[in-house]
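**Q** Counting in my numbering, the final residue of the sequence shown is number 461, and the numbers go up one at a time with none missing.
Quick one: the structure is below, and I'll ask about it shortly.
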Amino acid sequence: MIKRDTPVEKALVLHPRFPNVRASDADYDLEEAVGLAEALGVETMASRIIPIRDLKVSNFFGSGQIEDIGAELKAHEASVVIVNGVLSPVQQRNLERIWKAKVIDRTGLILEIFGLRAATKEGKLQVELARQGYERSRLVRTWTHLERQRGGTGGLAGPGETQIESDRRVLNDKMTKLKRELEQVRRTRGLQRQKRKRAPERVVALVGYTNAGKSTLFNLLTEGGVFAKDMLFATLDTTHRILTLPSGQSAVLSDTVGFISDLPTDLITAFRATLEEVKEADLLIHVRDISDPLTERRREEVMQVLDQINAGPEHNQDIIEVWNKVDLLGDVQLDSISERSEASQELEDMIPAYPVSCHKKTGLDVLQSGIEAMLTKSDEIISVEIPPQKYDVRAWLHKNGYVISEKTRRNGNCEMDVRLSESDAGKLRARHSELVT
Numbered sequence: 025m026i027k028r029d030t031p032v033e034k035a036l037v038l039h040p041r042f043p044n045v046r047a048s049d050a051d052y053d054l055e056e057a058v059g060l061a062e063a064l065g066v067e068t069m070a071s072r073i074i075p076i077r078d079l080k081v082s083n084f085f086g087s088g089q090i091e092d093i094g095a096e097l098k099a100h101e102a103s104v105v106i107v108n109g110v111l112s113p114v115q116q117r118n119l120e121r122i123w124k125a126k127v128i129d130r131t132g133l134i135l136e137i138f139g140l141r142a143a144t145k146e147g148k149l150q151v152e153l154a155r156q157g158y159e160r161s162r163l164v165r166t167w168t169h170l171e172r173q174r175g176g177t178g179g180l181a182g183p184g185e186t187q188i189e190s191d192r193r194v195l196n197d198k199m200t201k202l203k204r205e206l207e208q209v210r211r212t213r214g215l216q217r218q219k220r221k222r223a224p225e226r227v228v229a230l231v232g233y234t235n236a237g238k239s240t241l242f243n244l245l246t247e248g249g250v251f252a253k254d255m256l257f258a259t260l261d262t263t264h265r266i267l268t269l270p271s272g273q274s275a276v277l278s279d280t281v282g283f284i285s286d287l288p289t290d291l292i293t294a295f296r297a298t299l300e301e302v303k304e305a306d307l308l309i310h311v312r313d314i315s316d317p318l319t320e321r322r323r324e325e326v327m328q329v330l331d332q333i334n335a336g337p338e339h340n341q342d343i344i345e346v347w348n349k350v351d352l353l354g355d356v357q358l359d360s361i362s363e364r365s366e367a368s369q370e371l372e373d374m375i376p377a378y379p380v381s382c383h384k385k386t387g388l389d390v391l392q393s394g395i396e397a398m399l400t401k402s403d404e405i406i407s408v409e410i411p412p413q414k415y416d417v418r419a420w421l422h423k424n425g426y427v428i429s430e431k432t433r434r435n436g437n438c439e440m441d442v443r444l445s446e447s448d449a450g451k452l453r454a455r456h457s458e459l460v461t
């Protein structure tokens, strides 16, 4: 990984643009790559879009492009080249030899950032497992680094065993150990989820493209105190807080890791325990930066990741959209967004969308009402009359439902109107049908 000791590493950021990509889209992709470099803590000396007509198997770029980039590296005295694309191990090794500089592709860059941001033991384990999987495919260029990692263990290599075979075995052993530790974390999370399921509160999960404003919205809705900054992947570890709904009911709101295009498969696999929080939620809130020119593309990328983990509307999971950063829109755009959101809230075949500005703190009341409406859409309001000898049912209703009204008659019977989820209403009728009026 990149050493973050002073002085700060100087880098060139390159975005390969292929013939089927529009110039305007490439500009935004380059801007995102520079943002990723900033999140890593390197100093971007220059950033460029590199047109790619024919991908070179050995070096990715053409010989003239490689020469120009090499000259630019020397001019800026940069020691790192960040390529916003996927490099094969051979391409990465060859470019490092030619430029005599560290070369990082998009996958490696995202892994570096995750390694920097992970704060909890679980997060660190997940990132390390993904990084080891990534390094394993690049043993062709990293064996000396791995030899240093082994230190003075000695005697690991059998007779005639090559350095790469030895290193591959060392990595496999490390990955096996990490998987065991993560499996324990996964079991613990499973128990925690089961405990939450037994509680009356429903679970709502925030999802969205990185830097869309999830953590800021989380703080506004729950006073959660989660670190929020205008930076890609400002937070990684899942956080839970109580969300109070307009009627007084409550839900558990979770803030999850941001998604990004071309999210490494190894990361999705390693973060399975965390992402299962999303899959198990009663409602997903997809936070979108509606001012982003690529907002529709970002939406599709988030939906693809959700589909990969068997979550989202394609898997019968309720979802609403939050169109954040409307304060950055012009009047004409804002009018159009408002019309589209109103239509989405009225039509059953559309995902309800709520325009908000976390910066200006506008639209939050309507959003909270929309969250409650979605969570309670299948709820039932049931009237019951409970005699004193069955007041344990009254206690159960207070714990599992939302009591709309309650009064005690002279004979001691308690009359209640209670809002219950569909499953809890079924439990009440199955166990105490004689109490339902």
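We treat Cβ as the ideally placed atom computed from N, Cα and C, and that holds for glycine.
Terminal residues of the continuous beta strand (DSSP E) containing serine 71?
**A** 67 to 75
**Q** Taking isoleucine 395 as part of the alpha helix (DSSP H), name the residues at either end of that continuous run.
**A** Taken as a continuous stretch (DSSP letters only), the alpha helix (DSSP H) holding isoleucine 395 covers 388 to 399.
**Q** Who pairs with isoleucine 284 in a beta bridge, going by DSSP?
**A** In the DSSP output, where bridge partners are listed per residue, isoleucine 284 has none listed.
**Q** Closest by CA to threonine 240, which one among Asp279, Ala335 and Phe85?
**A** Asp279
**Q** Can you tell me the Cα-Cα spacing of serine 365 and glutamate 55, whole angstroms?
**A** 29 Å
**Q** What does DSSP give as the partner residue(s) for phenylalanine 84 in the beta ladder?
**A** Lys80
**Q** Check the DSSP bridge columns for serine 274 and list the partner residues they point to.
**A** In the DSSP secondary-structure assignment, serine 274 is bridged to Thr268.
**Q** For valine 346 and histidine 310, which I take to be in contact (beta-carbon distance under 8 Å), what is that distance rounded to the nearest angstrom?
**A** 7 Å
**Q** Out of Thr246, Gly436, Ser381 and Gly425, state which residue places its alpha-carbon closest to the alpha-carbon of glutamine 413.
**A** Gly436
**Q** Just the Cα atoms here: how many angstroms apart are asparagine 340 and serine 393?
**A** 22 Å
**Q** Ends of the alpha helix (DSSP H) at glycine 232?
**A** Run containing glycine 232: none in the alpha helix (DSSP H); it sits in the beta strand (DSSP E), 226 to 232.
**Q** Of all the CB atoms in chain C, is at least one closer than 8 Å to the CB of leucine 307?
**A** Of the protein chains in this structure there is only one, and it is not chain C.
**Q** In the DSSP output, what is methionine 440 paired with across the bridge?
**A** Paired residues: Val408 and Glu430.
**Q** So, with DSSP's three-state summary, where would you put aspartate 359?
**A** When secondary structure is reduced to three states using DSSP, aspartate 359 falls in the helix class.
**Q** Would you kindly work out how many angstroms separate the C-alpha atoms of valine 37 and glutamine 328, rounded to a whole number?
**A** 27 Å
**Q** Taking the alpha-carbon of phenylalanine 138 as reference, which of Ser87, Arg77 and Ala61 has the nearest alpha-carbon?
**A** Ala61
**Q** Measuring CB to CB, does glutamate 120 end up less than 8 Å from valine 114?
**A** no
**Q** From glutamate 320 to proline 411, what distance separates their C-alpha atoms?
**A** 56 Å
**Q** Buried or exposed for proline 376, going by 16 or more other Cβ atoms inside 10 Å?
**A** That one is buried.
**Q** Output needed for alanine 95: all residues of its chain with C-beta closer than 8 Å, excluding positions within five of it in sequence on either side, in chain order.
**A** none
**Q** Starting from the C-beta of glycine 336, find all residues in its chain whose C-beta is less than 8 Å away, skip the five residues before and the five after it, and write them out in chain order.
**A** Leu308, Met327, Leu330 and Ile343
**Q** Would you mind working out which of Val417, Val45, Ser87 and Lys198 sits nearest lysine 451, comparing C-alpha positions?
**A** Measuring C-alpha to C-alpha distances from lysine 451 to each of Val417, Val45, Ser87 and Lys198 identifies Val417 as the nearest.
**Q** Just checking my contact of leucine 444 with arginine 226 at CB under 8 Å: how many whole Å lie between their CB atoms?
**A** Rounded to the nearest angstrom, the Cβ distance from leucine 444 to arginine 226 is 12 Å, too far for a contact under 8 Å.
**Q** Leucine 299: which of Leu230, Ser274, Glu430 and Ser362 sits nearest, CA to CA?
**A** Nearest in C-alpha terms to leucine 299, of all of Leu230, Ser274, Glu430 and Ser362, is Leu230.
**Q** With DSSP collapsed to three states, give me the class of serine 368.
**A** If DSSP states are grouped into helix, strand and coil, serine 368 belongs with the helices.
**Q** Tell me the rounded alpha-carbon separation between arginine 77 and lysine 238.
**A** Rounded to whole angstroms, arginine 77 and lysine 238 show a C-alpha spacing of 38 Å.
**Q** Give me the DSSP bridge partner(s) of threonine 263.
**A** Threonine 263 is bridged by DSSP to Asp279.
**Q** Might you give, ordered along the chain, the residues of its own chain that have their beta carbon closer than 8 Å to the beta carbon of isoleucine 333, omitting 5 neighbours on each side?
**A** Ile292, Arg296, Leu299, Glu300, Val302 and Lys303
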